[in-house]
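For reference, the structure discussed in these notes is given below.
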Amino acid sequence: MHVLIATTGALSPGPVARFASRLAGDDKVTVTTVVGIPRSFLEVLRSEEWHPLATEDETANRKTQEETLVARYVEERGRKLTDPIIAALRADGIEATPVYLEGQDPAAVISRAAEDLDVDVVILGATRQIFDDWESVSARVMIESRRPVLVVPAPTGESRVDPNDGDWQESE
Numbered sequence: 049m050h051v052l053i054a055t056t057g058a059l060s061p062g063p064v065a066r067f068a069s070r071l072a073g074d075d076k077v078t079v080t081t082v083v084g085i086p087r088s089f090l091e092v093l094r095s096e097e098w099h100p101l102a103t104e105d106e107t108a109n110r111k112t113q114e115e116t117l118v119a120r121y122v123e124e125r126g127r128k129l130t131d132p133i134i135a136a137l138r139a140d141g142i143e144a145t146p147v148y149l150e151g152q153d154p155a156a157v158i159s160r161a162a163e164d165l166d167v168d169v170v171i172l173g174a175t176r177q178i179f180d181d182w183e184s185v186s187a188r189v190m191i192e193s194r195r196p197v198l199v200v201p202a203p204t205g206e207s208r209v210d211p212n213d214g215d216w217q218e219s220e
């Protein structure tokens, strides 16, 4: 069974790792997060992109540099958010594959990734009452994904601080 764990960094690593290891057994586990690129970051990159005397090679080089910077940002941010779960899985004897995704609509990106990766189940965290707000990422993935979705609630009394400073965290 291929398990996809999607996190914002708020999932409690231990319980999620134990749950995923029971589901996956010796099969594949992928841990992902969706990183939104701040518009200000892109605006700075693009403001340096256009130069009236630039050759086609220079323009192509600038685009390559932008793509490299964006990829590095997504990887650094993604690693920060997925490393705790990957470490917990490793402690349970499971090697997980990290996948860092870029996008402004996390629910759509996660649903598409579940299809692209051909996973058997998606594990998400619920950091608020998802049935009170149908616009939550977890609720949208349950509706939009063609894959089974398991929503793991935050343990009682656990801190619900947003580790992303405004990314797609669902805390109240």
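Our numbering puts the first residue of the sequence shown at 49, with every later residue one more than the last. By construction, the Cβ of each residue, glycine as well, lies at the ideal position given by its N, Cα and C atoms. Bear in mind that the values here come from a model prediction, so they are computed numbers and not experimental data.
Helix, strand or coil, according to DSSP, for residue i in the structure here?
| i | result |
| --- | --- |
| Gly57 | coil |
| Val64 | helix |
| Leu117 | helix |
| Ile142 | coil |
| Leu149 | strand |
| Val157 | helix |
| Leu52 | strand |
| Ser88 | helix |
| Arg195 | coil |
| Ser184 | coil |
| Val167 | coil |
| Lys76 | coil |
Leaving out five residues before and five after residue i in sequence, what residues of the same chain have Cβ atoms less than 7 Å from its Cβ?
| i | result |
| --- | --- |
| Glu163 | Arg194 |
Compare the C-alpha of residue i against each of the options and name the closest.
| i | options | result |
| --- | --- | --- |
| Gly173 | Pro201, Val147, Lys128 and Val77 | Pro201 |
| Ile171 | Val197, Gln152, Ile191 and Leu149 | Val197 |
| Ser186 | Ala156, Asp168 and Arg138 | Ala156 |
| Pro154 | Lys128, Met190, Gly141 and Tyr121 | Met190 |
| Arg20 | Glu192, Val83, Thr56 and Thr78 | Residue 20 lies beyond the residue range present for the chain, which begins at 49 and ends at 220; the question has no answer from this structure. |
| Leu52 | Glu124, Thr80 and Arg66 | Thr80 |
| Val83 | Asp140, Val199, Glu114 and Leu129 | Leu129 |
| Glu114 | Ile85, Arg66, Ser184 and Ala161 | Ile85 |
In the DSSP assignment, what are the bridge partners of residue i?
| i | result |
| --- | --- |
| Gly173 | Val200 |
| Thr81 | Tyr148 |
Cutting at 6 Å between CB atoms, please list the residues of its own chain near residue i, excluding the five before and the five after it.
| i | result |
| --- | --- |
| Ile158 | Ala54 and Val189 |
| Asp168 | Met49 and His50 |
Contact between the stretch 58 to 72 and the stretch 145 to 152: three or more CB pairs below 8 Å? No contact exists between the stretch 58 to 72 and the stretch 145 to 152.
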